[in-house]
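Report on the structure given below.
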Amino acid sequence: MALPNTSVVAVGIEPPLLTGHALEPLTLPIEAPRDALEDLAIELHAGAVAILPAARLEPALRRLHVLQSALDGRSRIACCQTELSPLAAGVLVGLAASVAPYAPSAALLADALPALEQELLVAAVLPRVLRLRKPRPPLRARLRSLLPGARFLVSPEPEPIVAPVHWRHKPPILLEDAGDEIAVVHAGRVRGVGAPAQLLAEAFGGATVEEVQAPPGLASRWRVTQAIEAVAYPTDAEAMARRVLALPATPCPWCGEPHAALPCALCGHDRDRAIATKQVLGRPEADPSVSGFAPPTQAGRPAEVTLR
Ligand SMILES: [Zn+2]
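Residue numbers (our numbering): 3 to 310.
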């Protein structure tokens, strides 16, 4: 296994242990003590991707800024946020750490995160769906929520599913045949659901199901007081890295790092906007690969944060 030259920093996200993914991300808890932060600054590689939960963006950003001042420009950090539910976000940061050794730059790893999110299949077992927004439950399911003992299996994407779970009903099948290419982690509790592993294994096509510690805020994310969240993920790290990194990369004209999406996740440079600006200024003859925004010398440049 290659060693990564890009670090993944999970800010306010707790990564569970995952089958097939030995590398773990660095973690920066929002309540991290000062020396933990200093240790983290030492461990960081020259390029890093920080992943922040959209639901706790403000405190996570503040923590990241403190880390950056401790770094004093030694590492450049691409800052990305994820809308995923708490356990899924934990799986995402774990998978990102697994892709890091294969990524030519931190910018390209940041650009691969949307594809990495697509590798996950998220579901939840809920006692009621009255207040659920994503997926939006049909009226029938909302009414059923009012009955005692009601349970639902829901999945927001790719196909919104809200299905009642009952001993007489089979659970909906989210995956046909998982084989050993897919594993599932689950966390949380719902009163009356004694053996979630069995229910989830059935829904996830016979995949290996493992319980992990519940991250904070799990149930409230699903707008209930009790919830079980389950996340299916691919177990072959190398094949997954190949899939998500299959992006048309070019060196950023500003910072020189290979990247695929605009603006550059590391420095915020937007090649298209720079070209458009030049055309407005009447200098269309300029070579677009040699941008008008000349980069300053590498040394002494502070770590940039580009929030995407
Ligand atoms: Zn750049």
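C-beta: ideal position from N, C-alpha, C; glycine also.
DSSP bridge partner residues for residue i (one or two, in chain order)
i      : result
TYR235 : ALA185
VAL164 : VAL156
THR8   : GLY49
PRO260 : PRO253
Cα-Cα separation between residue i and residue j, rounded to whole angstroms
i      : j      : result
ALA276 : PRO265 : 10 Å
VAL131 : LEU220 : 15 Å
PRO88  : ALA229 : 12 Å
ARG193 : ARG153 : 10 Å
PRO162 : VAL124 : 11 Å
PRO173 : ALA62  : 37 Å
LEU177 : ASP274 : 40 Å
GLU16  : PRO31  : 8 Å
ARG245 : GLU85  : 21 Å
Proximity test, residue i beta-carbon vs ligand 1 heavy atom, cut-off 7 Å
i      : result
LEU268 : yes
CYS254 : yes
CYS257 : yes
ALA109 : yes
HIS271 : yes
HIS261 : yes
Residues near residue i by beta carbon distance below 7 Å, same chain, minus five either side
i      : result
GLU183 : PRO236, THR237, ASP238
Any non-hydrogen atom of ligand 2 within 7 Å of residue i CB
i     : result
HIS23 : This structure simply doesn't include ligand 2; it includes ligand 1 instead.
Beta-carbon proximity of residue i to residue j, cut-off 8 Å
i      : j      : result
PRO198 : VAL164 : no
ALA105 : ALA80  : no
SER100 : LEU25  : yes
ILE53  : VAL10  : yes
SER77  : ALA34  : no
ALA90  : LEU122 : yes
VAL156 : LEU141 : no
Residues of its chain near residue i, where Cβ-Cβ distance is below 6 Å and the 5 sequence neighbours each way are ignored
i     : result
ARG58 : GLY14
PRO21 : According to the sequence provided, residue 21 is Thr. The question's Pro does not apply to it. For THR21, where only same-chain residues beyond five positions count, the Cβ hits under 6 Å are ALA185, THR237.
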